[in-house]
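Right, one structure below, let's go through it.
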Amino acid sequence: MNESPASTTSLGTSAPPHRAGSDVPFFVVMGGLGGSFVLLIVTMIAADLAFTSPAHFSAALSKPEIQRAIWLTLISCSISALLSIWVATPLGYLLSRFSFRGRWLIDTIIDIPVVLPPLVIGLSLLILFHLPIGGTNLEQVMQDRFGFRVTYAEPAVVLAQFSVACAFAVQTMRVTFDQIDARAEQVAMTLGCRRSRAFLEIALPQAWRGIVAAVTIAWARSLGEFGPILVFAGATRMRTEVLSTTVFLELSVGQLEAAVAVSLMMVVAAMAVLGIVRLVGTKVIR
Amino acid sequence: MIELHDITIRSGPFLLTNVGMTIPDGTYAVLMGGTGQGKTTILEAICGLRTVTRGQVFLNGDDITRWKPGDRGVGYVPQDLALFPMMTVRGHLEFALRVRHCSRGLIRDRVAELAHVLGIESLLARRVTNLSGGEAQRVALGRALSFRPRVLLLDEPLNALDEATRDRLCQLLRSIQKQSGLTTLHITHARTEARLLAEKLFVLDAGQLHERPLTELTHPIAGSTEA
């Protein structure tokens, strides 16, 4: 007969020896569930790659409208990303550092572009520029005062991209400043600084990783924007066409090969951008 | 001279009421008390980093209760030191002087003098992110002293240092204070540190701030440790 492993001590009966068992099932289940999503993305890209060929790429790249779309995409995404960081840095800082009445409302408003269907953003921009106010509208004012069109023109592309991308940039900058200890800025103020100088000389230099991450995320969001551009800027060839609308336009005329080639260009651009974020901004975003 | 006249400080649910304190010119005062009693809050109120909802704060006779932190002339060393991660040691010593638009010559001379007194000449070009605990404390102290403040406020500045480093820094603090005649308020939990430095002792206990005789430092005080 085996002796019972339990023994009696001054603190009572001790628990019998126990083996925790293997962790393999845990990793199999967790890895299996999580890995299915990774597998989906990889197989989608692999399918695109299998469908296309170098000839499809060169054919797509030789089209003047696609060449123009690439340039407009690069320029509009860059302008939109720069505008986003210009706005997101002060806004992210204010939301991170100060508690004030109604902050929750500002938080909610900023998150609207993140949760709204993209088409609604485009529609809302269209309405904003064409709503009659005092016998005129914003579009008319832009044409009369500044001499350029917005709706269904290149500025509409930038504005549509900015409206969504900026929300993501603000979130990134807010997290960035949340992670920077405010105490150093306070000490700077005791040393004779005004708040503005403490921000510029102490907080901002520490936020450079977040700034790079926010610019990159805003650029990537702008690259992927489709709905607001379609509604507010249209998808006019050689005018307001960007890569995301190129895919739509090529599909609509049955040019599946060109659509896939352009899609893969966007995948490469997105991967490059995300690679930069991982390299530079990981500490800030996580 | 630091005077607190029945000040009330509120910070969220935390409330400190009717705090009074007088530290005469050139005195080294030590403030002790348990964790969470509000010692740091008092220091921050003197710095202008916390709003005083009632009462008055005087520095050298000036009512500074509503002054901005930068106008008060307070040298402050916070508990976590809060060094500026992107700056060199020299940058820290120059910072307050640059803010005051001091001449290059004056800045150079003051930095050299401070670096010599604090024994950090060899560190001037280093980034602060890779300094030892004792070196970082000296830099924070140098930054606070750089603009010749009216008073010096130290929030547990010698915490987390080994005994030898702490003793050396205690002597340094004492000699700097004697030479400059700077009115100093120093928060600590350590009775040894307090015995070495204090000319005046205050204890914050259950929201009440009292002055106590230095002889009490031979016995345990609420929230204090021997070392």
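Line by line, the protein sequences are chains A and B.
So our numbering is basically just the index in the first sequence, starting at one, shifted up by 14.
So our numbering is basically just the index in the second sequence, starting at one, shifted up by 43.
A virtual CB, placed ideally from N, CA and C, is assigned to each residue, including glycine.
From which residue to which residue does the beta strand (DSSP E) around R53(B) run? On the second sequence, residue 53(B) is found 10 positions in, with the first residue counted as 1. That run of the beta strand (DSSP E) goes I45 to S54.
Which residue or residues does DSSP assign as beta-bridge partners of Q251(B)? Position 208 of the second sequence, counted from the first residue, corresponds to residue 251(B). Per the DSSP secondary-structure output, Q251(B) pairs in a beta bridge with D248(B).
Going by DSSP, what residues sit across from V131(B) in a beta bridge? Position 88 of the second sequence, counting from 1, holds the residue named residue 131(B). In the sequence as displayed, the identity of residue 131(B) is Thr instead of Val. Answer is R170(B), bridged to T131(B).
Take every Cβ of the stretch 172-187 of chain B, pair it with every Cβ of the stretch 85-97 of chain B, and state whether three or more of those distances are shorter than 8 Å. In short, these stretches do not touch, since the Cβ pair count stays below three.
Does the stretch 186-195 of chain B come close enough to the stretch 102-122 of chain B to have 3 or more Cβ pairs within less than 8 Å? Segments in contact, yes.
Should Q193(A) be flagged as near chain B, meaning a C-beta pair shorter than 8 Å? Within the first sequence, the letter at position 179 stands for residue 193(A). Chain B, which has no Cβ nearer than 8 Å to the Cβ of Q193(A), makes this no.
E17(A) to P30(A) span [Cα, whole Å]: Taking the first sequence and counting its residues from 1, the one referred to as residue 17(A) is at position 3. Taking the first sequence and counting its residues from 1, the one referred to as residue 30(A) is at position 16. Because the pLDDT of E17(A) is 48, which lies under 50, any placement of that residue in the model is unreliable, and the number read from its coordinates should be weighed accordingly. Going from the Cα of E17(A) to the Cα of P30(A) covers about 11 Å.
Answer yes or no: does any C-beta atom of chain A fall closer than 8 Å to that of L92(B)? The residue given as residue 92(B) occupies position 49 in the second sequence. L92(B) counts as touching chain A.
Which stretch, first to last residue, makes up the alpha helix (DSSP H) that contains L228(B)? Along the second sequence, read from residue 1 onward, the residue named residue 228(B) stands at position 185. Not the alpha helix (DSSP H): L228(B) falls in the beta strand (DSSP E), residues T226 to I230.
Per DSSP, the bridge partner or partners of K111(B): As a working note, residue 111(B) is residue 68 in the second sequence. None; K111(B) has no bridge partner.
Determine whether the Cβ of I206(A) lies closer than 8 Å to any Cβ atom of chain B. Here residue 206(A) refers to the residue found at position 192 when the first sequence is read from its first residue. The residue you asked about is not Ile; residue 206(A) is Gly in the sequence shown. Yes, G206(A) lies at the interface with chain B (some Cβ there is under 8 Å from its Cβ).
Of all the residues that make up the stretch 95-121 of chain B, which are near chain A by a beta-carbon distance shorter than 9 Å? K111, P112, G113, D114, R115, G116, V117, G118, Y119, V120 and P121
Would you give the residue range spanned by the beta strand (DSSP E) that A72(B) belongs to? On the second sequence, position 29 is the one that residue 72(B) refers to. It spans Y71 to G76 - the beta strand (DSSP E) in which A72(B) sits, taken as one unbroken run.
Where M203(A) meets chain B, residues with beta-carbon distance less than 7 Å: Within the first sequence, the letter at position 189 stands for residue 203(A). Within chain B, the residues P112 and G113 have their CB atoms less than 7 Å from the CB of M203(A), given in chain order.
Contacting residues, own chain, Cβ-Cβ under 6 Å from Q99(B) (five flanking each side not counted): As a position in the second sequence, residue 99(B) is number 56, starting the count at 1. Only H48, D106 and T108 meet the Cβ criterion.
At a CB-CB cut-off below 8 Å, which residues of chain A make contact with R143(B)? If you number the second sequence from 1, residue 143(B) lands on position 100. Per Cβ cutoff of 8 Å: G206.
Less than 8 Å between CB atoms is the rule here; does D68(B) satisfy it with respect to chain A? By 1-based counting over the second sequence, the position of residue 68(B) is 25. No - not a single Cβ of chain A is within 8 Å of the one on D68(B).
At least one CB of chain B closer than 8 Å to the CB of Q157(A): is that the case? For the purposes of this step, residue 157(A) is taken as residue 143 along the first sequence, with counting starting at 1. Chain B contact via Cβ: absent.
Beta-carbon proximity of G113(B) to M203(A), cut-off 8 Å: Looking up residue 113(B) in the second sequence gives position 70. Looking up residue 203(A) in the first sequence gives position 189. Yes, Cβ-Cβ distance for G113(B) and M203(A) is below 8 Å.
Buried versus exposed call for P256(B) [16 or more other C-beta atoms within 10 Å across all chains shown]: As a first step, residue 256(B) must be located in the second sequence, where it is residue number 213. Result: exposed.
Based on Cα-Cα distance, which residue from L74(B), L196(B) and I50(B) lies nearest to D248(B)? Numbered from its first residue, the second sequence carries residue 248(B) at position 205. Restricting attention to L74(B), L196(B) and I50(B), the CA atom closest to the CA of D248(B) is found in L74(B).
Coil, strand or helix - R147(B) by DSSP: Along the second sequence, one-based indexing puts residue 147(B) at 104. Helix at R147(B).
Where V294(A) and N103(B) are concerned, what is the direct C-alpha to C-alpha distance, given to the nearest angstrom? Counting from one through the first sequence, the residue named residue 294(A) turns up at place 280. Counting from one through the second sequence, the residue named residue 103(B) turns up at place 60. Cα-Cα distance, rounded: 49 Å.
Beta carbon of V142(B) nearer than 8 Å to that of I163(B): Walking along the second sequence from the start, residue 142(B) turns up at place 99. Walking along the second sequence from the start, residue 163(B) turns up at place 120. Taking 8 Å as the Cβ cut-off, V142(B) and I163(B) do not qualify as a contacting pair.
Find out if the Cβ-Cβ distance for the pair L133(A), A174(A) is shorter than 8 Å. If you number the first sequence from 1, residue 133(A) lands on position 119. If you number the first sequence from 1, residue 174(A) lands on position 160. Against a cut-off of 8 Å, the Cβ pair of A174(A) and L133(A) comes out as no contact.
Count the other C-beta atoms from every protein chain shown that fall within 10 angstroms of the C-beta of P169(A), then say buried if there are 16 or more, exposed otherwise. Start at 1 with the first residue of the first sequence, and residue 169(A) comes out as number 155. Buried.
Would you check if the distance between the CB atom of A83(A) and the CB atom of E255(A) is smaller than 8 Å? Taking the first residue of the first sequence as 1, we reach residue 83(A) at position 69. Taking the first residue of the first sequence as 1, we reach residue 255(A) at position 241. For A83(A) and E255(A), yes; Cβs fall inside 8 Å.
Could you tell me the alpha carbon to alpha carbon distance between V246(B) and H232(B), rounded to whole angstroms? Working through the second sequence from its first residue, we reach residue 246(B) at position 203. Working through the second sequence from its first residue, we reach residue 232(B) at position 189. Rounded to the nearest angstrom, the two C-alpha atoms are 10 Å apart.
Could one say the Cβ of R3(A) lies closer than 8 Å to chain B's Cβ atoms, at least one of them? This structure gives no information on residue 3(A), because the portion of chain A shown stretches from 15 to 300.
Within the continuous alpha helix (DSSP H) that includes Q220(B), where are the two ends? Here residue 220(B) is taken as the residue at index 177 of the second sequence, counted from 1. First-last of the alpha helix (DSSP H) with Q220(B): E206 to S223.
Thinking just about the alpha-carbon of each residue, which of E79(A), V282(A) and D195(A) is nearest to the one in L124(B)? Position 81 of the second sequence holds residue 124(B). Distances from the CA of L124(B) to each of E79(A), V282(A) and D195(A) were compared; the closest alpha carbon is that of D195(A).
Please state if the CB of R133(B) and the CB of L167(B) are separated by a distance shorter than 8 Å. Position 124 of the second sequence, counted from the start, is the residue given in the question as residue 167(B). Position 90 of the second sequence, counted from the start, is the residue given in the question as residue 133(B). It is a contact, given that the beta carbons lie within the stated cut-off.
Flag V294(A) as yes if its beta-carbon sits less than 8 Å from any beta-carbon of chain B, otherwise no. For the purposes of this step, residue 294(A) is taken as the residue at position 280 of the first sequence. No, V294(A) does not count as interfacial toward chain B.
Quick check on A88(B) - is its C-beta less than 8 Å from some C-beta in chain A? As a first step, residue 88(B) must be located in the second sequence, where it is residue number 45. Not one chain A Cβ lies under 8 Å of A88(B).
With DSSP as the reference, identify every bridge partner of D198(B), one or two as the case may be. Looking up residue 198(B) in the second sequence gives position 155. Its beta-bridge partners are I230(B).
Can you tell me whether DSSP reads F114(A) as helix, strand or coil? Within the first sequence, the letter at position 100 stands for residue 114(A). The answer is coil: DSSP assigns F114(A) none of H, G, I, E or B.
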